[in-house]
Amino acid sequence: MQRNRDSWKKDYFTILIGQGFSLISSGILQMSIIFYLTAKTGSAMVLSIATLIGFLPQALIGPFAGVFVDRHSRKKVMIGADLVIAAAGGVLAIVTLYMDLPIWVIMAVLFVRSMGTAFHSPALNAATPLLVPEDQLTKCAGYSQTIQAIGSIISPAAAAFLYTVWNLNHIVLLDIVGAIIACISVAIIAIPNPSSTRIDKEENVMQEMKAGYVVLKENKGLFALLWIGALYMFFYMPISALYPLMSMGYFGGTPTHASIAEIAFAIGMLVGGVILSVWGGFKKRTFTIGASVLMMGIGVAISGILPPNAFVAFAICCMVMGVSAPFYGVQDALFQEKIKPEYLGRVFSLLGSVMSFAMPLGLLCSGLFAEQIGVEKWFLISGIGIITISFLVFVLPGVQSLDNRTI
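To convert, count from 1 in the sequence shown and add 3; that's my numbering.
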């Protein structure tokens, strides 16, 4: 019995550590690309487009990638996706050897990397329950969040240092090494495959997706949270994309300042996650969600009215925003409680798709308006928008009744 316990831990942590290396090296490259684009263009529109391209493929092919993962070996999908991501980085490194890196090449590489992530993420999530005992899944989710938080703290700092001492192609090579380590960690582990039910017709996929939508729509409170979340992402996502321009443009800082802002947010997330795990949030979970959105909106709005010499105050605001972020995740518990288990996969897929499609629209608008009125004014507008959204959580009857109803 003890041997089985040690066996799954060894397998899971082998993959987790490998993914941790890949996460950190990818984060370093991602931040370095942002530094490069910021220094070369100083354009809010370019940064917004880069961020948009970085996740748009995930929004477009995500549901279909999930079907592909269920039909094939999770192990092979994860390795293949990591190799595609590494190959895209290799192209970037080769181009930098022969010419000044064109913006369109960066955009193309970001697009391909996002496609790889669209397959890798669901494959990893689908493989975890095959390796981990059911009673340990919650703890393993905590381990994964911890790795992500650590990566969010290390990557910006490492990127700020390496960007000043290395060429971009050297940072790309570091990311390739991280991807190779991740591939090896997966390759040496035996990941079982469940006996999946193959979908023979595309109509079956669409019918199942529609069924999930119908089940969600039957609960007015959850359906309202779906669209509240979409509005939230519309305003919030551009803020995360414009952090470097705010730090380096409006506050006149350097890549180090941009990294400090990112690290402050990541530390806040880590603190917020620990508080939530110990405290559990307010008894009324919808109040916890609303308070999280309100706290985020206040932090964003205050950032938009700070003077150009108040970077320290901006970093504090970033930390406050980070603290608020984990509490928004309480809504997942509501979805899990109110929706029947056989529909949860489709409902969460629909939730992710709607959020993902709201993000590019917000990024497009932010690029247009921030370019014209100034990035700090867009922070103020976004903060006011997020505060308004929080009021919807507090006042909509369907949302407020979620803690008292079951379906």
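Backbone N, C-alpha and C define an ideal beta-carbon position, used for all residues, glycine too.
Reduced DSSP category for residue i - H, G, I as helix; E, B as strand; rest coil
i	result
M110	helix
G45	coil
F24	helix
K286	coil
A193	coil
P136	coil
F71	helix
L104	coil
T427	The chain is shown from 4 up to 410; residue 427 falls before or after that span and cannot be answered.
T60	Looking at the sequence shown, residue 60 is not Thr but Pro. DSSP places P60 in helix when its eight states are reduced to three.
F425	With the chain covering 4 to 410 only, the question about residue 425 has no answer from this structure.
P310	coil
S199	Low confidence applies to S199: its pLDDT is 45, below 50, so where it sits in the model is not reliable enough to give any reading.
N-terminal and C-terminal residue of the alpha helix (DSSP H) that residue i is part of
i	result
D85	77-101
G388	378-398
D178	171-190
M240	223-248
P329	314-331
Contact test: residue i Cβ vs the ligand SAM heavy atom, cutoff 8 angstroms
i	result
V396	The ligand content of the structure shown is nil, which means the ligand SAM is not present either.
| field | Segment contact, 8 angstroms Cβ cut-off, at least three pairs: the region 101-109 with the region 153-160 | value | In this structure the region 101-109 does not touch the region 153-160; the number of beta carbon pairs closer than 8 angstroms is below three.
| Do three or more CB pairs link the region 267-283 to the region 386-394 at distances below 8 angstroms? | At 8 angstroms Cβ cutoff, the stretches do not touch.
| Is the region 50-59 close to the region 179-188, with three or more CB pairs under 8 angstroms? | As far as the Cβ criterion goes, the region 50-59 does not touch the region 179-188, which means the pair count is below three.
| Given 8 angstroms as the limit, is there contact between the region 231-244 and the region 374-389, that is, 3 or more CB pairs closer than that? | Inter-segment contact for the region 231-244 and the region 374-389 is present: three or more beta-carbon pairs are separated by less than 8 angstroms.
| task | Report yes or no: do the region 289-308 and the region 398-407 share at least 3 C-beta pairs separated by less than 8 angstroms? | result | A contact between stretches requires three or more CB pairs, one per stretch, nearer than 8 angstroms, and the region 289-308 meets this requirement with the region 398-407.
| For the 8 angstroms Cβ check, are there 3 or more pairs between the region 318-331 and the region 354-371? | Because the criterion of three Cβ pairs below 8 angstroms is not met, the region 318-331 and the region 354-371 do not touch.
| task | Please confirm if the region 36-52 is in contact with the region 84-93, defined as three or more CB-CB distances below 8 angstroms between the two stretches. | result | Judged by Cβ distances under 8 angstroms, the region 36-52 makes no contact with the region 84-93, as fewer than three pairs qualify.
| said: Quick check: the region 76-89 against the region 113-126, are at least 3 beta-carbon pairs closer than 8 angstroms? | reply: Flag = yes, the region 113-126 and the region 76-89 touch.
| query | Do the region 12-28 and the region 218-238 meet, that is, are 3 or more Cβ pairs less than 8 angstroms apart? | reply | A contact between stretches requires three or more CB pairs, one per stretch, nearer than 8 angstroms, and the region 12-28 fails this requirement with the region 218-238.
| the region 249-264 in contact with the region 294-302 per 3-pair CB rule at 8 angstroms | Too few Cβ pairs lie closer than 8 angstroms, so no.
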